[in-house]
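Student: The structure's right below; bear with me while I get my questions together.
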Amino acid sequence: MSETKKFMYINRHAPHGTVYAHEGLEVVLIGAAFEQDVCMAFIGDGVFQLKQDQDTSEAGMKNFSPAYRALGDYEVNKLYVERESLQERGLSEADLMPLTWEDEDDDWAEKPSIRVVSRAEMSDLLEEQDVILNF
Amino acid sequence: MSETKKFMYINRHAPHGTVYAHEGLEVVLIGAAFEQDVCMAFIGDGVFQLKQDQDTSEAGMKNFSPAYRALGDYEVNKLYVERESLQERGLSEADLMPLTWEDEDDDWAEKPSIRVVSRAEMSDLLEEQDVILNF
Amino acid sequence: MKFSVMVNEGPYTHQASDTAYQFTRAALAAGHEVFRVFFYHDGVNNGTRMTTPPQDDRNIVDRWSELASEHELDLVVCVAAAQRRGIVDADEAKRNGKDGDNIAPGFRISGLGQLIEAGIQSDRLLVFGD
Amino acid sequence: MKFSVMVNEGPYTHQASDTAYQFTRAALAAGHEVFRVFFYHDGVNNGTRMTTPPQDDRNIVDRWSELASEHELDLVVCVAAAQRRGIVDADEAKRNGKDGDNIAPGFRISGLGQLIEAGIQSDRLLVFGD
Amino acid sequence: MLHTVNKSPFESSSLRTCLALARAGSDILLIEDGVYGGLAGSAHSTMVEDALKSMKVYALGPDLKARGLAEDRLIPGVQVVGYDGFVDLASANDKVQSWL
Amino acid sequence: MLHTVNKSPFESSSLRTCLALARAGSDILLIEDGVYGGLAGSAHSTMVEDALKSMKVYALGPDLKARGLAEDRLIPGVQVVGYDGFVDLASANDKVQSWL
Chain A
0 MSETKKFMYI NRHAPHGTVY AHEGLEVVLI GAAFEQDVCM AFIGDGVFQL KQDQDTSEAG
60 MKNFSPAYRA LGDYEVNKLY VERESLQERG LSEADLMPLT WEDEDDDWAE KPSIRVVSRA
120 EMSDLLEEQD VILNF
Chain B
0 MSETKKFMYI NRHAPHGTVY AHEGLEVVLI GAAFEQDVCM AFIGDGVFQL KQDQDTSEAG
60 MKNFSPAYRA LGDYEVNKLY VERESLQERG LSEADLMPLT WEDEDDDWAE KPSIRVVSRA
120 EMSDLLEEQD VILNF
Chain C
0 MKFSVMVNEG PYTHQASDTA YQFTRAALAA GHEVFRVFFY HDGVNNGTRM TTPPQDDRNI
60 VDRWSELASE HELDLVVCVA AAQRRGIVDA DEAKRNGKDG DNIAPGFRIS GLGQLIEAGI
120 QSDRLLVFGD
Chain D
0 MKFSVMVNEG PYTHQASDTA YQFTRAALAA GHEVFRVFFY HDGVNNGTRM TTPPQDDRNI
60 VDRWSELASE HELDLVVCVA AAQRRGIVDA DEAKRNGKDG DNIAPGFRIS GLGQLIEAGI
120 QSDRLLVFGD
Chain E
0 MLHTVNKSPF ESSSLRTCLA LARAGSDILL IEDGVYGGLA GSAHSTMVED ALKSMKVYAL
60 GPDLKARGLA EDRLIPGVQV VGYDGFVDLA SANDKVQSWL
Chain F
0 MLHTVNKSPF ESSSLRTCLA LARAGSDILL IEDGVYGGLA GSAHSTMVED ALKSMKVYAL
60 GPDLKARGLA EDRLIPGVQV VGYDGFVDLA SANDKVQSWL
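Residue numbers (numbering that gives the first Met the number 0), protein chains in the order written: chain A, 0 to 134; chain B, 0 to 134; chain C, 0 to 129; chain D, 0 to 129; chain E, 0 to 99; chain F, 0 to 99.
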């Protein structure tokens, strides 16, 4: 099979309380080398992964949140965030890290990676995928 | 300290999906040897632990539910079940295993171990304890 | 049809490993192919040969080892997840200065690329976890 | 005041072991006694010396071992939970026919009675888990 | 598309999230503690009854039996399958999403 | 009596169960993912606002910082403590119940 598959990594866990977000991100970064059509979805508590200003020093844990900024360099630039999940949590898009990527087809213009979508749009996106992994 | 402490084992997990109910019961059975004032509370999905007719053979797992019947022999005979938790789950007391103990102070009369209590009564019971373990 | 299976929780604590095992067995019994079983997160703890479960309970690790030997199943333990949790084979023990290993028969330690490859090569990828 | 602490989840997967460690350290720093730390369920996985976490992350197992050696902390791993999950010391390895052990320095394997005793002897018992 | 749910709706939001995102025509399979979502007469039955109007909902038989739940306790319309039926559902659908 | 809650109220019923059973005068400490329960303006804020009428609610500072939550995002009345404050709360109360 020489095909390209559509991979979606769904993130539904908050960071730090469990390792799923952290180890899920490691899968995405490794998976980027396989040149598939990749996107990430942030649903429910998963939206907390993208919260700005995470500082784990006092909790004595590793702060893996800067690694989300590397996603653009790995050509992982479709990060769908469910609007309803943000709203239920009292968050807005301004609370999220400003993640970007450089579009080589557009003179390396810096473009936002995060796309806030409605639940209905998220539902459509799920249906389009070939492989879904859930972290 | 020669004191007797009031121990409550709170059970809030359904059986089989996770090991907490099973390994929690092992703590109660071992703890019975220490002659403390022991009770168990079943709250939320914990009430499912006492459901009758559990049969794990097709799922290929160990059926530990018969061990609840041994509790009476270990003088663990105060099993408080929250009424509201049963109701929310569409269960009634008739769905629960008929657990009993023999009262040596009453000519070994067989008495029921399960006491269905209201949420308010459960709240009072929590306050009375010295040590609370949660499984 | 070609399946792959991902197991994300350790033995006994969550039912995930049990359900994954029963699914894998049923898929093989129905004549399907199982390309790979990939163990991630605490799932790597399924791959230790050091367990001694009670006699009257199932032996989850042995069950996987036996299924692997009967069906030439590829049981892959993620190396990064295994390092965090202390699952090591002889190579890993050497590389990380450990005085022994604990990997169970039929399991091998490899990278996350094996999971992505399973997703690409298989018709269906099923995930079992908490 | 005399505290005991119960840890019910393994390292890294849940924050429970981190919070238990920080609490224990803070209790000791405030001059309290910590009678025992008891590891149950997947918590027993904190007691393996086979982990090799990434260099830029905390080493949860070593942290416990060091705290134990600094403060003569009693770190007890439940034997029944350890058998299900493959944590063994030299005695257990012999008893169960294992070809090696993996217990980390400062941890000892013992029975559930040690937990009940901690509940009886301590002024407060705190539980950290999933 | 096949969605699996393995958590109790009384303790976790997984089933609610799954049903909010699953499209009409989807197959939903309740496994492990997820089978409690199939219980009739519970505080969350309506959620599954609504789903049944546009989707098929299945529950894994071995997990129901393990928990002492007879088929007559299920919401009418919820179908019971074995591990072989689980494999068939995973084959018949183009992909599987596990709401862990 | 001190109650600790370590799970997000958006995904788990733990906080709701804790508050239903905790008596007036109790101390509630939100730790780990439980600190999300302290967020103002969320779908579950009312639950904690009601609790604050008869109980004290605390959130663990290191866990708030780890998650990028500044104190001004908390429901007014929720107090922030460090690990030392956690130890003090555990000492000051006669027992501790962890709603895991």
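Where is the CB? At the ideal position from N, CA and C, for every residue including glycine.
All figures in this text were calculated on a predicted structure; none of them were measured in a lab.
Could you check whether the Cβ of Gln-35 of chain A sits closer than 8 Å to any Cβ belonging to chain C?
Tutor: yes
Student: Along the chain, where does the beta strand (DSSP E) containing Arg-107 of chain C start, and where does it finish?
Tutor: 106-109
Student: Would you please verify whether the beta carbon of His-15 of chain A is less than 8 Å from any beta carbon of chain F?
Tutor: yes
Student: Measuring straight from C-alpha to C-alpha, what distance separates Ala-28 of chain D and Arg-107 of chain D?
Tutor: If you take the alpha carbons of Ala-28 of chain D and Arg-107 of chain D, they lie about 24 Å apart.
Student: Check the Cβ-Cβ distances between Gln-96 of chain F and every residue of chain B, and say whether any is below 8 Å.
Tutor: yes
Student: Quick one: grab the DSSP three-state call for Ala-40 of chain B.
Tutor: Here Ala-40 of chain B carries a strand assignment [DSSP, helix/strand/coil].
Student: Please name the residue in E:Lys-94, E:Lys-6, E:Pro-75 and E:Tyr-82 whose C-alpha comes closest to that of Ser-44 of chain E.
Tutor: In terms of CA proximity to Ser-44 of chain E, E:Pro-75 leads the group E:Lys-94, E:Lys-6, E:Pro-75 and E:Tyr-82.
Student: List the residues of chain E whose Cβ lies closer than 8 Å to the Cβ of Ala-25 of chain C, in chain order.
Tutor: The answer, in chain order, is Gly-81, Tyr-82, Asp-83, Phe-85 and Val-86.
Student: Which whole-angstrom value describes the C-beta separation of Pro-61 of chain E and Ala-58 of chain B, a residue pair presumed to lie in contact below a C-beta threshold of 8 Å?
Tutor: 4 Å
Student: If we define contact as Cβ-Cβ less than 8 Å, is Ala-66 of chain A a contact residue for chain F?
Tutor: no
Student: Going by the DSSP bridge assignment, what does Val-4 of chain C pair with across the sheet?
Tutor: Paired residue(s): C:Val-36 and C:Leu-125.
Student: Would you say Ala-19 of chain C reaches chain A, if we count a Cβ-Cβ gap shorter than 8 Å as a contact?
Tutor: no
Student: With contact counted as at least three CB pairs below 8 Å, one residue from each stretch, are the region 67-86 of chain D and the region 36-48 of chain D in contact?
Tutor: Contact holds: three or more Cβ-Cβ distances are below 8 Å.
Student: Could you tell me the distance, in whole angstroms, from the CA atom of Met-0 of chain A to the CA atom of Glu-126 of chain A?
Tutor: Confidence is the limiting factor: at Met-0 of chain A the pLDDT is only 48, short of 50, which leaves the residue's position unreliable, though a coordinate-based value still follows. Rounded to whole angstroms, Met-0 of chain A to Glu-126 of chain A spans 22 Å at the Cα level.
Student: By DSSP's criteria, Pro-111 of chain A is part of a beta bridge. Which residues make up the other side?
Tutor: A:Thr-99
Student: Using Cβ-Cβ distances below 7 Å, what residues of the region 39-72 of chain A are close to chain D?
Tutor: Flagged, chain order: Ala-58, Gly-59, Met-60 and Lys-61.
Student: Spell out whether any CB of chain D is found under 8 Å from the CB atom of Lys-1 of chain C.
Tutor: With 8 Å as the cut-off, Lys-1 of chain C does not count as an interface residue toward chain D.
Student: Taking a contact to mean a Cβ-Cβ separation below 8 Å, would you say Phe-6 of chain A touches Gln-48 of chain A in this structure?
Tutor: If you check the CB distance, Phe-6 of chain A and Gln-48 of chain A do not come in under 8 Å.
Student: Whole angstroms are fine: how far does the CA of Ser-41 of chain F sit from the CA of Gln-120 of chain C?
Tutor: Rounded to whole angstroms, Gln-120 of chain C to Ser-41 of chain F spans 43 Å at the Cα level.
Student: Assuming Glu-10 of chain F and Gly-89 of chain A make a contact with CB atoms under 8 Å, what is their CB distance in whole Å?
Tutor: 15 Å between Cβ atoms; not a contact.
Student: Is Ser-11 of chain F close to chain E? Criterion is C-beta to C-beta, closer than 8 Å.
Tutor: Yes, its Cβ sits closer than 8 Å to a Cβ of chain E.
Student: Can you tell me the Cα-Cα spacing of Gly-112 of chain D and Thr-17 of chain B, whole angstroms?
Tutor: 23 Å
Student: Quick check on Thr-18 of chain C: buried or exposed, where buried means 16 or more other Cβ atoms within 10 Å of its Cβ?
Tutor: Taking all protein chains in view, the Cβ of Thr-18 of chain C is crowded by 16 or more other Cβ atoms within 10 Å, so the residue is classified as buried.
Student: Within the 8 Å Cβ cut-off, does Glu-74 of chain B reach chain E?
Tutor: no
Student: For the alpha helix (DSSP H) holding His-21 of chain A, just list the boundary residues, first then last.
Tutor: DSSP places His-21 of chain A inside the alpha helix (DSSP H), whose first and last residues are 19-30.
Student: Alpha carbons only, please: which of E:Ser-12, E:Ser-25 and E:Gly-33 is nearest the one belonging to Ser-122 of chain A?
Tutor: E:Ser-25
Student: State the DSSP-derived secondary structure class of Met-49 of chain D, mapped to helix, strand or coil.
Tutor: coil
Student: On the three-state DSSP scale, how would you describe Phe-134 of chain B?
Tutor: coil
Student: Between the alpha carbons of Ser-64 of chain C and His-12 of chain B, how many angstroms are there, rounded?
Tutor: 30 Å
Student: Alpha carbon to alpha carbon, what distance is there between Ile-113 of chain B and Leu-78 of chain B?
Tutor: 5 Å
Student: Ile-102 of chain D by DSSP, collapsed to three states: which one?
Tutor: Strand at Ile-102 of chain D.
Student: Taking the Cβ atom as the reference point for each residue, do Ile-86 of chain C and Pro-10 of chain C lie within a distance shorter than 8 Å?
Tutor: Here Ile-86 of chain C is not near Pro-10 of chain C, since their CB atoms are 8 Å or more apart.
Student: Could you tell me whether the region 15-24 of chain F touches the region 81-94 of chain E, using the rule of 3 or more Cβ pairs below 8 Å?
Tutor: no
Student: Does any C-beta atom of chain E lie closer than 8 Å to the C-beta of Phe-38 of chain C?
Tutor: no
Student: Closer than 8 Å by C-beta to Trp-107 of chain B: which residues in its own chain qualify, once you throw out the five before and the five after it? Chain order, please.
Tutor: Glu-101
Student: Throw me the rounded Cβ distance for the Asn-76 of chain B and Gly-45 of chain B pair, which I believe falls under 8 Å.
Tutor: At roughly 18 Å, the Cβ-Cβ gap does not stay under 8 Å, so Asn-76 of chain B and Gly-45 of chain B are not in contact.
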